[in-house]
Ligand SMILES: [Zn+2]
């Protein structure tokens, strides 16, 4: 959002058919330097260099290099999503200079994944048995980045949030990776193709953290809200489901789900979620979205 510079980077997405990570090339704002790093983010202990065109798309990256590029690109796309939705630049709550950008720690043995304001970092470790590194997940990296963004927009929300506010924060953080993917035409096209033209079918886009579940493949699913929820993670799936279905209806009804339509919808979702968090009011959120709900239709790849 600061200027029009951009580069190409690789991200990983889980392929549930082949049960492996696919890599996809995406356009990321800015011209990151070695790390990758830029004015927002730096991947710690990583020194991947851009190619002569400023891109990070080398097919022979090591696993660790690809993790670094993927995590940076995912976090950066998430920041861009929120900046475009809100119409202003995100500056971290601790930010005074470029030295204060947020760190991405890829391999920590003590956590699964967490945003830690005191460390000015999003920190990734392992989950599941056998353990898998959470930094490889598009959803999980985007989710933790969203916590940092919400903290920047609503300072101290993580220290002071009540149950309902935390539920809404979790839902907003689960929705970010979905909003990023549905607003990148190539990724949306892939999602529609992979779900046999119906995003109401379980897919990588509705399954949060796919590839990381202990018993199942996903951690949470936007299509199956936990109606007997007893914690805010589970309760958040009700809100996530509501907004996901709303979004898919809009995508379905669009002849062409263009970038500008996506950005309008993302802005509507993000602004209203933030306002619900701020004013502790989920009922107005439900009412607002309900006014826009219409009947779902099967999706067609060319619509993306
Ligand atoms: Zn969270």
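Residue numbers (our numbering): 59 to 362.
Where is the CB? At the ideal position from N, CA and C, for every residue including glycine.
Can you name, in chain order, every residue of its own chain whose Cβ lies under 6 Å from the Cβ of residue 73, other than the five neighbours on each side?
As a first step, residue 73 is located in the chain shown; it is residue number 15 there, counting from the start. Counting only Cβ-Cβ distances below 6 Å, and skipping sequence neighbours, we find 80.
Confirm the yes/no value for this check: CB of residue 227, any heavy atom of ligand 1, distance under 8 Å.
Reading the chain shown from its first residue, position 169 is the one you call residue 227. Under cutoff, so the answer is yes.
Note down the Cα distance separating residue 338 from residue 114, rounded to an integer number of angstroms.
Translated into the one-based positions of the chain shown, residue 338 becomes position 280. Translated into the one-based positions of the chain shown, residue 114 becomes position 56. Taking the straight line from one Cα to the other gives about 41 Å.
Which word fits residue 220, buried or exposed, when buried means at least 16 other C-beta atoms lie within 10 angstroms of its C-beta?
Within the chain shown, numbered from 1, the residue matching residue 220 stands at position 162. Flag for residue 220 reads exposed.
With a threshold of 8 Å, establish whether the CB of residue 284 neighbours any heavy atom of ligand 2.
The model depicted lacks ligand 2 and carries ligand 1 instead.
Using a Cβ-Cβ cutoff of less than 6 Å, which residues in the same chain neighbour residue 92 once the five nearest sequence positions on both sides are dropped?
By 1-based counting over the chain shown, the position of residue 92 is 34. Same-chain partners within the cutoff: 105, 107.
Express the C-alpha separation of residue 312 and residue 166 in angstroms, rounding to a whole number.
Your numbering for residue 166 matches position 108 in the chain shown. Your numbering for residue 312 matches position 254 in the chain shown. Rounded to whole angstroms, residue 166 to residue 312 spans 43 Å at the Cα level.
Do you know how far the Cα of residue 225 is from the Cα of residue 324?
Looking up residue 324 in the chain shown gives position 266. Looking up residue 225 in the chain shown gives position 167. Answer to the nearest angstrom: the Cα atoms are 19 Å apart.
Residue 276 and residue 265 look like a contact to me (Cβ under 8 Å); what is the Cβ gap, rounded to whole Å?
Against the chain shown, residue 276 aligns to sequence position 218. Against the chain shown, residue 265 aligns to sequence position 207. That pair is a contact at about 4 Å.
Can residue 209 be considered in contact with ligand 1, in the sense that its beta carbon sits closer than 8 Å to one or more heavy atoms?
Within the chain shown, the letter at position 151 stands for residue 209. No - ligand 1 has no heavy atom lying nearer than 8 Å to the Cβ of residue 209.
For residue 403, collect the residues of the same chain with a Cβ closer than 6 Å to its Cβ; drop the 5 residues on either side in sequence, then sort them by chain order.
Outside the shown range of the chain (59 to 362) lies residue 403, about which nothing can therefore be said.
Going by CA-CA distance only, name the one from 286, 335, 317, 193 that's closest to residue 269.
Start at 1 with the first residue of the chain shown, and residue 269 comes out as number 211. Per the Cα distances, 193.
Closer than 8 Å is the cut-off here; do at least three beta carbon pairs connect the stretch 127-135 with the stretch 83-102?
Output reads yes: the stretch 83-102 touches the stretch 127-135.
Residue 174: which of 184, 204, 187, 289 sits nearest, CA to CA?
Residue numbering aside, residue 174 sits at position 116 when the chain shown is read from its first letter. Ranking 184, 204, 187, 289 by Cα distance to residue 174 puts 204 first.
How about residue 231: is its Cβ closer than 8 Å to a heavy atom in ligand 1?
Along the chain shown, read from residue 1 onward, the residue named residue 231 stands at position 173. Within the cutoff, so yes.
Where does the unbroken beta strand (DSSP E) through residue 163 begin, and where does it stop?
Numbered from its first residue, the chain shown carries residue 163 at position 105. Residue 163 -> beta strand (DSSP E) spans 160-163.
Does the distance from the C-beta atom of residue 208 to that of residue 231 stay below 9 Å?
Residue mapping note: residue 208 aligns to position 150 of the chain shown, counting from 1. Residue mapping note: residue 231 aligns to position 173 of the chain shown, counting from 1. Yes.
Tell me the DSSP secondary structure of residue 244 in three-state form.
Walking along the chain shown from the start, residue 244 turns up at place 186. Residue state, collapsed to three classes: helix.
What number of angstroms, rounded off, separates the C-alpha of residue 100 from the C-alpha of residue 199?
Counting from one through the chain shown, the residue named residue 100 turns up at place 42. Counting from one through the chain shown, the residue named residue 199 turns up at place 141. Taking the straight line from one Cα to the other gives about 14 Å.
Between which residues of its own chain and residue 353 is the CB-CB distance below 6 Å, once the five residues before and five after are set aside?
In the chain shown, the residue the question calls residue 353 occupies position 295. Low confidence applies here, because residue 353 scores a pLDDT of 45, under 50, leaving its location unreliable; read the following figure in that light. None.
Between which two residues does the beta strand (DSSP E) carrying residue 179 extend?
For the purposes of this step, residue 179 is taken as residue 121 along the chain shown, with counting starting at 1. Segment 179-182, the beta strand (DSSP E) holding residue 179.
List in chain order: all unbroken alpha helix (DSSP H) runs of 4+ residues lying wholly within the stretch 222-306.
Segments of the alpha helix (DSSP H) lying fully in the stretch 222-306: 243-252.
With which residues is residue 83 paired in a DSSP beta bridge?
Position 25 of the chain shown, counting from 1, holds the residue named residue 83. Beta-bridge pairing links residue 83 to 68.
Could you check whether the Cβ of residue 276 sits closer than 8 Å to any heavy atom belonging to ligand 1?
Here the question's residue 276 lines up with position 218 in the chain shown. Incorrect: residue 276 has no Cβ contact closer than 8 Å to ligand 1.
Determine, using beta carbons only, whether residue 280 and residue 236 come nearer to each other than 9 Å.
Indexing the chain shown from 1 puts residue 280 at position 222. Indexing the chain shown from 1 puts residue 236 at position 178. Yes, these two residues count as a Cβ contact at 9 Å.
Considering only the beta carbon of each residue, do residue 202 and residue 159 sit closer than 9 Å?
What you label residue 202 is simply residue 144 of the chain shown in a count that begins at 1. What you label residue 159 is simply residue 101 of the chain shown in a count that begins at 1. No, Cβ-Cβ distance for residue 202 and residue 159 is not below 9 Å.
Heavy atom of ligand 1 less than 8 Å from the Cβ of residue 221, yes or no?
Sequence index remark: in the chain shown, residue 221 carries index 163 (1-based). Residue 221 Cβ: outside cutoff for every heavy atom of ligand 1.
Any idea what DSSP makes of residue 76, helix, strand or coil?
In the chain shown, residue 76 corresponds to position 18, counting from 1. Residue state, collapsed to three classes: coil.
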